[in-house]
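Enquirer: Everything in the sequence shown is counted per my numbering, starting at 260 for the first residue and increasing by one.
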Amino acid sequence: MSESLLGFSGYIKFLMGLFALVNSIGILPVFISMTNYQTPAGRNKTNFIANLSVAIILCISLLIGDSILHMFGISIDSFRIAGGVLIVTIVISMINDKLGEDKQNKQEKSETAVRVSILGQTGINVIT
């Protein structure tokens with residue numbers, strides 16, 4: 260039987276830290292407010308797409324994130340600073356662009372899953 264890099268307690272600590280960073284419980288009120296117009300089936304579909312997006316983003320970041328940053332000559336600290344500034348500007352624009360229900364089209368409503376997954380759960384702190 261081969262020895263893994265981390266023991267069982269190491270994996271538990273890693274998963275608990277990742278769970279805290281992803282903030283699944285904290286994003287729940289945001290998810291509910293962004294999907295209050297949807298049917299339960301639509302809410303389930305949005306939930307599935309958001310969680311799948313989070314899993315894909317985290318896997319890509321884990322597997323090839325360092326290589327991509329190194330290829331462009333970007334340090335982790337520079338990435339964190341730039342990402343923080345970018346997220347703040349996106350959040351401010353989302354707050355200012357809050358459209359009324361009558362002005363939202365189908366495409367804007369379907370973007371809910373992307374907003375929840377990228378901005379809510381996989382921020383710069385989780386990716387780095």
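C-beta: ideal position from N, C-alpha, C; glycine also.
If you check the beta carbons only, do V281 and V313 fall under 8 Å apart?
Expert: For the purposes of this step, residue 281 is identified with residue 22 of the sequence shown, where counting begins at 1. For the purposes of this step, residue 313 is identified with residue 54 of the sequence shown, where counting begins at 1. Yes; because the gap between Cβ atoms is below 8 Å, this pair is in contact.
Enquirer: My assumption, with CB atoms under 8 Å, is that I335 sits in contact with L345. Please give the rounded CB distance.
Expert: For the purposes of this step, residue 335 is identified with residue 76 of the sequence shown, where counting begins at 1. For the purposes of this step, residue 345 is identified with residue 86 of the sequence shown, where counting begins at 1. Not a contact, Cβ separation roughly 15 Å.
Enquirer: So, helix, strand or coil for P268, using DSSP?
Expert: As a working note, residue 268 is residue 9 in the sequence shown. Per the sequence shown, the amino acid found at residue 268 is Ser instead of Pro. Looking at S268 - three-state DSSP - the assignment turns out to be helix.
Enquirer: Given that a residue counts as buried once 16 or more other Cβ atoms are within 10 Å of its Cβ, and exposed if not, what is F278?
Expert: Within the sequence shown, residue 278 is the residue found at index 19, counting from 1. That one is exposed.
Enquirer: Need the endpoints of the alpha helix (DSSP H) that S390 sits in, please.
Expert: There is simply no residue 390 to check, as the chain begins at 260 and stops at 387 in what is shown.
Enquirer: Quick check on the burial criterion: 16 or more other C-beta atoms within 10 angstroms. Buried or exposed for T298?
Expert: Taking the sequence shown and counting its residues from 1, the one referred to as residue 298 is at position 39. Result: exposed.
Enquirer: In whole angstroms, what is the alpha-carbon distance linking N295 and M330?
Expert: What you label residue 295 is simply residue 36 of the sequence shown in a count that begins at 1. What you label residue 330 is simply residue 71 of the sequence shown in a count that begins at 1. Roughly 42 Å between the two C-alpha positions.
Enquirer: Could you tell me the alpha carbon to alpha carbon distance between T305 and I349, rounded to whole angstroms?
Expert: Here the question's residue 305 lines up with position 46 in the sequence shown. Here the question's residue 349 lines up with position 90 in the sequence shown. Cα to Cα, T305 sits roughly 21 Å from I349.
Enquirer: Where does G285 sit, in a helix, a strand or coil, going by DSSP?
Expert: By one-based count along the sequence shown, residue 285 stands at place 26. Here G285 sits in coil by DSSP.
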